[in-house]
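Take a look at the structure set out below.
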Amino acid sequence: MRENERLTRRYTSEILPIIGPERDIPAPDVGTDERNMAWMMDTYSVNAGYSVPGVVTGKPIVLGGSLGRNSATGDGVAIAAREALKARNIPIEGARVAIQGFGKVGYWAAKAVEKMGMKVVAITDVSGGATGFATIDELWDGIKEHGTLANIPGLDRITNEELLHFDCDVLIPAALADSLTGKSSLGVRAKIIVEGANAPTTPSGDDVLNDKGILVVPDILANSGGVIVSYFEWVQDNQDYFWTLDEVAERLNKMMMRAVSEVHELSDTKGISWRTAAHAIGVGRVAEAHKLRGLYP
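Numbering (our numbering), first residue to last: 1149 to 1445.
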């Protein structure tokens, strides 16, 4: 822990000139958590001479963090999955979901889709995976007792590759990048893929999935819930006024639904994939703002 803290604080001290509540704002990702963000905030604040909670997001609640931030990415993935099911006219209740990854994104996505009425039928972590469980809470209790999915007795075993090819309505790759390659995508049987991880699909994999008629909700849309609630945290820190969990959840739901709707509409209008539509909307907004601002000097 001490080495982790020293590394975090030293790294923060080196990037002090380029971060700040009105500059660049770090947030947690793979290998970091709210403790790292607390150290970063403290290091910046000590150098500033006063407390600056808005310099980072994903902080502990007592240091200006936001309720709902820990689950935000997974919650956003679940909302994207729900809206994609609607777009494909697939009933939400009882929709079968397979999830690769049972960490910060996969766990919360699993909890959220289950709450929406979907059924998580298969899930994997770094040790392997399982089917045949009743609920996510049951599975999580098993992990707390036995350490990994592979060690939980009484479940049907499944590999990561088998999970990618599992017969389901929604596949959520929520582990690391490049899971769905040109080769592994050939066996995908899901109707919808919701990218919980960053870049889980390679370009060749994307081509295969598009040719198969599988709807892919791209990462920049599907897993944006974490960034959205990071923005909410920054807003709350600046206002020094903090929202309830219900307020955070309601605002996240509205923003995700609006974003998915815009991508869906452009995709249908132009006959392009959701990934292309999402990128087109993002680039288009930047281009429009740049044109309106003009060039100076």
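Don't be surprised by glycine CBs; every beta carbon is placed ideally from N, CA and C.
- Minimum Cα-Cα distance from residue 1335 among the listed residues 1312, 1321, 1319 and 1327 corresponds to 1312.
- Residue burial is scored here from C-beta neighbours: residue 1214 has at least 16 other C-beta atoms within 10 angstroms and is therefore classed as buried.
- Contact between the stretch 1182 to 1191 and the stretch 1155 to 1173 is present: three or more C-beta pairs spanning the two stretches fall below 8 Å.
- Looking at the DSSP output, residue 1321 shares a beta bridge with 1248.
- With a beta-carbon spacing of about 7 Å, residue 1322 and residue 1225 fall inside the 8 Å limit used to define contacts.
- Residue environment for residue 1384: buried (at least 16 other C-beta atoms within 10 angstroms of its C-beta).
- Below 8 Å, enough C-beta pairs join the stretch 1243 to 1256 and the stretch 1303 to 1319 to call them touching: three or more.
- Contact between the stretch 1258 to 1270 and the stretch 1278 to 1289 is established, with three or more Cβ pairs separated by less than 8 Å.
- Its Cα nearest to that of residue 1363, the residue 1342 stands out among 1350, 1379 and 1342.
- Counting the other Cβ atoms within 10 Å of the Cβ of residue 1293 gives fewer than 16, which makes it exposed.
- Rounded to whole angstroms, the gap between the alpha carbons of residue 1302 and residue 1279 is 10 Å.
- Partner residues in the beta bridge of residue 1365, as assigned by DSSP, are 1342.
- A distance below 8 Å between beta-carbons, with the five flanking residues on each side excluded, links residue 1325 to the following residues of its chain, in chain order: 1345, 1346, 1347 and 1348.
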